[in-house]
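Colleague: Order-wise, the sequence lines are chains A and B.
Start counting the first sequence at 1; every next residue gets the next number (the numbering used here).
Start counting the second sequence at 1001; every next residue gets the next number (the numbering used here).
Heads up, the beta-carbon is just placed ideally off N, CA and C, and yes, glycines get one too.
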Amino acid sequence: MSDADPADASPATDRDYAEWLDAFADGGGFALVCPDGHGSLPPRRVCAECGSTDLSREPLDEMGTVETYSVVHVPSPRFADDAPYATAVVDFGPTRLTGIVRDGGADGDAPAVEIGDAVAVDVGERVTDGERLVVFRPAGES
Amino acid sequence: MSEVRVAGVGLTPFGSHPERTGRDLFAEAALRAFEDAAVSRADVKELNYGNFMGALAEHQGHQAPLMAEAAGVRCPATRYESACASAGVAVREAVRTVAAGDADVVLAGGMERMTNLPTDEVTEGLAIAADDLFEVRAGVTFPGAYALMANAYFDAYGGSREDLAHIASKNHANAMPNEYAQYHREVSVAEAMDAPPVAEPLHLYDACPITDGASALVLVSEEYAAEHDLDAPVAVTGTGQGTDRMALGDREHLARTPAADDAADAAYADAGVEAADVDVAEVHDCFTIAEVLALESLGLFEPGEGISAAREGITTADGDLPVNLSGGLKAKGHPVGATGGSQIAELTRLLRGDHPNSDRVPDAEVGVAHNAGGTVASAVVHVLEVAE
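Here it is as structure tokens:
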């Protein structure tokens, strides 16, 4: 590994994760929800909170609320050309999602975001290598 | 149940050792621990060894037999991996093994080699302690994850970057006399405030350095210590471990660390002590905000009150409750797979009276060590007491 560039490493193949991203890209993002309302993300066979195996796909609202964020200046190699960028943890009801805030294409500065802001979820691409990822767009810019 | 005594502790100097292999680092720490313990290597019945990223950093898996060779012991040897809590869990299993009467002598500790990788690859390596699918692919780095927790903390309880800068300044001051520390340089609050950002609100001096180093402990039963007339006055009287959801976003609260609450509750109950009994603490300050979260999980401060403890002088060396007198991960350094063992080595020296900062806590009888993995999806807490 020492002479290989980690940025070249292919991510582990995960069909469920890829399908989950596809769903968001198509505007049909979802979480897996147990009868008690605990949300989780695929692949998931058992609710981590209560042990229920009765998980169903429930659509998520397109808009969520920023619970916390950080502007990252020192990235990993996979995000070398993306920095600086803002990561955020966003509440969507039954689950939270973590992703990068994108303001629609401005280069250079990371988009401004605050706790409590409403953002829309989408699927975008890493600048560094084109790999898909969860992105958030501030309300009014989507 | 046997009482578990710390017969000997050994550390390498923490810092950059670019031309030394991991096996040589662990050998040095183990050699020092055996010298300190005056225990025969032949009596060691198990080696519990912590390491996180040796496969990435040295292209070396299956490290436990290698480290047994390096330490000169021949016994069952196992590597423990729990991210930055790797040595903590290794020590915990050693404590449980001796306490249960399964072995009289266990060697425990850990090693990490990190500075031979460029910073971006270390960043990538450390990030694998987070959820690859839902955090790392979404741009979360290790500093970035703690930055998310810091902003959530500020939003929930208040506090500021300046409060965090006081923690950095305190821990750098504590490291000054410590011969094993990576940094021997004071950092003022103003200097910490002016440093470049890593992941806002965390700046350069909020983050621990990248470190090579190793730690080793010789743990023995009270009976073995008595039979061999060992000078082993410090006992590990309590151990506890907790686990939380892997991804920060799946936690109940983004500015609390319940895994450490659970570990602390278990360790205090095991030792028969309460938070109010603690005289000195070594906590996992991989980032300044992490020290705050640790103090609150340990019950030493109420949620929302840990942020101002350093600024108010409560946790400084001359305060009522000195925290990270070793310099902490922040200034002593953080070879991730060795850290849990080094915290117990330092706490042992502080309680025995042979640490350069022991004169800051001359009457201390109860110490607590807090070691965390990832964004505290794993936590290990140990209670140490002066037994004689």
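Within 10 Å of its beta-carbon, does A/Asp36 have 16 or more other beta-carbons around it, so buried, or fewer, so exposed?
Modeller: Against the first sequence, residue 36 of chain A aligns to sequence position 36. Exposed, since its Cβ has fewer than 16 Cβ neighbours within 10 Å.
Colleague: Counting along the chain, where does the beta strand (DSSP E) carrying B/Gln1241 start and finish?
Modeller: The sequence position of residue 1241 of chain B within the second sequence is 241, counting from 1. Note, B/Gln1241: beta strand (DSSP E), 1234-1243.
Colleague: Run through chain B and tell me which residues come within less than 8 angstroms of A/Arg96, C-beta to C-beta.
Modeller: Within the first sequence, numbered from 1, the residue matching residue 96 of chain A stands at position 96. Result: Gly1249, Asp1250.
Colleague: Quick check: what's the CA-CA separation for B/Gly1353 versus B/Pro1362?
Modeller: Looking up residue 1353 of chain B in the second sequence gives position 353. Looking up residue 1362 of chain B in the second sequence gives position 362. Near 7 angstroms, if we compare the C-alpha coordinates of B/Pro1362 and B/Gly1353.
Colleague: Could you please give me the residues that DSSP links to B/Cys1084 through a beta bridge?
Modeller: By 1-based counting over the second sequence, the position of residue 1084 of chain B is 84. Answer by DSSP bridge pairing, in chain order: B/Ser1082.
Colleague: For B/His1184, count neighbouring Cβ atoms within 10 angstroms of its own Cβ and tell me buried if that reaches 16, exposed if not.
Modeller: By 1-based counting over the second sequence, the position of residue 1184 of chain B is 184. Burial call: exposed.
Colleague: Can you pull the chain A neighbours of B/Val1292, defined as C-beta to C-beta under 8 angstroms?
Modeller: Numbered from its first residue, the second sequence carries residue 1292 of chain B at position 292. Neighbours of B/Val1292 on chain A: none; closest Cβ ~15 angstroms, over 8 angstroms.
Colleague: Between the C-alpha atoms of A/Val74 and A/Pro84, what's the straight-line distance to the nearest angstrom?
Modeller: Indexing the first sequence from 1 puts residue 74 of chain A at position 74. Indexing the first sequence from 1 puts residue 84 of chain A at position 84. Roughly 8 angstroms separates the two Cα atoms.
Colleague: Against chain A, does B/Pro1426 count as a neighbour if the rule is that its beta carbon must be under 8 angstroms from one of theirs?
Modeller: The structure shown does not extend to residue 1426 of chain B, since chain B is modelled only from 1001 to 1388, so the question has no answer here.
Colleague: Cβ atoms of B/Gly1109 and B/Ala1216: under 8 angstroms apart, would you say?
Modeller: Your numbering for residue 1216 of chain B matches position 216 in the second sequence. Your numbering for residue 1109 of chain B matches position 109 in the second sequence. Closer than 8 angstroms, so yes.
Colleague: Could you round the C-beta distance between B/Val1004 and B/Val1095 to whole angstroms and report it? I think they count as a contact, below 8 angstroms.
Modeller: Within the second sequence, numbered from 1, the residue matching residue 1004 of chain B stands at position 4. Within the second sequence, numbered from 1, the residue matching residue 1095 of chain B stands at position 95. Right, the Cβ-Cβ distance comes to about 5 angstroms (below 8 angstroms), so this counts as a contact.
Colleague: With a cut-off of 8 angstroms on the beta carbons, I'd call B/Val1283 and B/Glu1274 a contact; round off their distance for me.
Modeller: Counting from 1 along the second sequence, the entry for residue 1283 of chain B is found at position 283. Counting from 1 along the second sequence, the entry for residue 1274 of chain B is found at position 274. No, B/Val1283 and B/Glu1274 are not in contact; Cβ-Cβ is about 17 angstroms, not under 8 angstroms.
Colleague: Kindly provide the ranges of any beta strand (DSSP E) runs that are 3 or more residues long and lie completely inside the segment 1019-1077 of chain B, ordered along the chain.
Modeller: 1046-1050
Colleague: Using DSSP bridges, identify the partner residues of B/Ile1167.
Modeller: Locating residue 1167 of chain B in the second sequence gives position 167, counting from the first residue. The partner list for B/Ile1167 (beta bridge, DSSP) is empty, contrary to what the question assumes.
Colleague: Does DSSP put B/Ser1308 in a helix, a strand or coil?
Modeller: Here residue 1308 of chain B is taken as the residue at index 308 of the second sequence, counted from 1. Reduced to three states, the DSSP call for B/Ser1308 is helix.
Colleague: Determine the DSSP secondary structure at A/Thr65, reduced to helix, strand or coil.
Modeller: The residue given as residue 65 of chain A occupies position 65 in the first sequence. Strand at A/Thr65.
Colleague: Applying the 10 Å Cβ sphere with the 16-neighbour rule, what's the burial state of B/Glu1385?
Modeller: Looking up residue 1385 of chain B in the second sequence gives position 385. Its Cβ being crowded by 16 or more others within 10 Å, B/Glu1385 is buried.
Colleague: Would you report the Cα separation of B/Arg1113 and A/Pro59, rounded to the nearest angstrom?
Modeller: Sequence index remark: in the second sequence, residue 1113 of chain B carries index 113 (1-based). Sequence index remark: in the first sequence, residue 59 of chain A carries index 59 (1-based). Each residue's alpha carbon lies about 45 angstroms from the other.
Colleague: Just checking my contact of B/Asn1371 with B/Leu1325 at CB under 8 angstroms: how many whole Å lie between their CB atoms?
Modeller: Residue mapping note: residue 1371 of chain B aligns to position 371 of the second sequence, counting from 1. Residue mapping note: residue 1325 of chain B aligns to position 325 of the second sequence, counting from 1. That belief does not hold up - the Cβ atoms of B/Asn1371 and B/Leu1325 are roughly 16 angstroms apart, past 8 angstroms.
Colleague: Pull out every residue of the segment 47-77 of chain A whose Cβ sits closer than 7 angstroms to any Cβ of chain B, in chain order.
Modeller: Ala48, Glu67, Thr68, Tyr69, Ser70, Val71, Val72, His73, Val74, Pro75, Ser76, Pro77
Colleague: Shorter than 8 angstroms from the beta carbon of A/Asp129 to some beta carbon of chain B?
Modeller: Taking the first residue of the first sequence as 1, we reach residue 129 of chain A at position 129. Taking Cβ atoms only, chain B never reaches closer than 8 angstroms to A/Asp129, which makes this a no.
Colleague: At least one CB of chain A closer than 8 angstroms to the CB of B/Gly1373: is that the case?
Modeller: Looking up residue 1373 of chain B in the second sequence gives position 373. No, B/Gly1373 does not count as interfacial toward chain A.
Colleague: In its own chain, which residues sit with a C-beta less than 7 angstroms from the C-beta of A/Ala118, not counting the 5 before and 5 after it?
Modeller: Working through the first sequence from its first residue, we reach residue 118 of chain A at position 118. For A/Ala118, same chain residues with a beta-carbon under 7 angstroms away, outside a window of 5 residues either side, are Met63, Thr65, Ala139 in chain order.
Colleague: So, at 6 angstroms on beta carbons, what are the nonlocal neighbours of B/Ala1369 in its own chain, with the 5 sequence-adjacent residues on each side left out?
Modeller: Along the second sequence, read from residue 1 onward, the residue named residue 1369 of chain B stands at position 369. The residues are Glu1282, Gln1343, Ile1344, Leu1347, His1382.
Colleague: Run down chain B in chain order and give the residues with a C-beta less than 8 angstroms from the C-beta of A/Leu133.
Modeller: If you number the first sequence from 1, residue 133 of chain A lands on position 133. Per Cβ cutoff of 8 angstroms: Arg1137, Ala1138, Gly1139.
Colleague: Would B/Ala1192 and B/Val1376 be called neighbours here (beta carbons separated by less than 8 angstroms)?
Modeller: Mapped onto the second sequence, residue 1192 of chain B falls at position 192. Mapped onto the second sequence, residue 1376 of chain B falls at position 376. No. Outside cutoff.
Colleague: Could you check which residue in A/Asp81, A/Ser76, A/Arg78, A/Tyr69 has the C-alpha nearest to that of A/Val90?
Modeller: Taking the first sequence and counting its residues from 1, one reaches residue 90 of chain A at position 90. Selected option, being the one with the closest Cα: A/Tyr69.
Colleague: By the criterion of Cβ-Cβ separation under 7 angstroms, what are the contact partners of B/Gly1144 in chain A?
Modeller: The residue you call residue 1144 of chain B lines up with position 144 of the second sequence. Here the neighbours are Ser70, Val72, Thr87.
Colleague: Using the rule of at least 16 other Cβ atoms within 10 Å of the residue's Cβ for burial, across every protein chain shown, is A/Ser2 buried or exposed?
Modeller: The residue given as residue 2 of chain A occupies position 2 in the first sequence. With a pLDDT of only 39 at A/Ser2, under the threshold of 50, the placement of this residue in the model should not be trusted; the figure read from the coordinates follows. Exposed, by the Cβ-count rule.
Colleague: Excluding the 5 residues flanking B/Leu1007 on each side, which residues of the same chain have their C-beta closer than 6 angstroms to its C-beta?
Modeller: Stepping through the second sequence from its first residue, residue 1007 of chain B is reached at position 7. Checking the sequence shown, residue 1007 of chain B turns out to be Ala, not Leu. Once the five neighbours on either side are set aside, the close Cβ partners of B/Ala1007 are Ala1037, Val1039, Val1218, Val1220, Leu1230, Ala1232.
Colleague: Please state whether DSSP places B/Thr1334 in a helix, a strand or coil.
Modeller: Position 334 of the second sequence holds residue 1334 of chain B. The sequence as given places His at residue 1334 of chain B; Thr does not occur at that position. Note: B/His1334 maps to coil in three-state DSSP.
Colleague: For B/Asp1163, decide whether its Cβ has a neighbour in chain A, counting only Cβ atoms nearer than 8 angstroms.
Modeller: On the second sequence, position 163 is the one that residue 1163 of chain B refers to. It does not; no Cβ of chain A falls within 8 angstroms.
Colleague: Using 10 angstroms around the beta-carbon of B/Pro1196, count the other beta-carbons present and answer buried if the total reaches 16, otherwise exposed.
Modeller: Working through the second sequence from its first residue, we reach residue 1196 of chain B at position 196. By the 10 Å Cβ count, B/Pro1196 comes out exposed.
Colleague: DSSP three-state call for A/Ser70: helix, strand or coil?
Modeller: As a first step, residue 70 of chain A must be located in the first sequence, where it is residue number 70. The answer is strand: DSSP assigns A/Ser70 an E or B state.
Colleague: Using a Cβ-Cβ distance under 8 angstroms, would A/Asp117 count as near chain B?
Modeller: As a position in the first sequence, residue 117 of chain A is number 117, starting the count at 1. With 8 angstroms as the cut-off, A/Asp117 does not count as an interface residue toward chain B.
Colleague: What's the C-alpha gap between B/Ala1064 and B/Pro1143?
Modeller: Along the second sequence, read from residue 1 onward, the residue named residue 1064 of chain B stands at position 64. Along the second sequence, read from residue 1 onward, the residue named residue 1143 of chain B stands at position 143. For B/Ala1064 and B/Pro1143, the distance between alpha carbons rounds to 29 angstroms.
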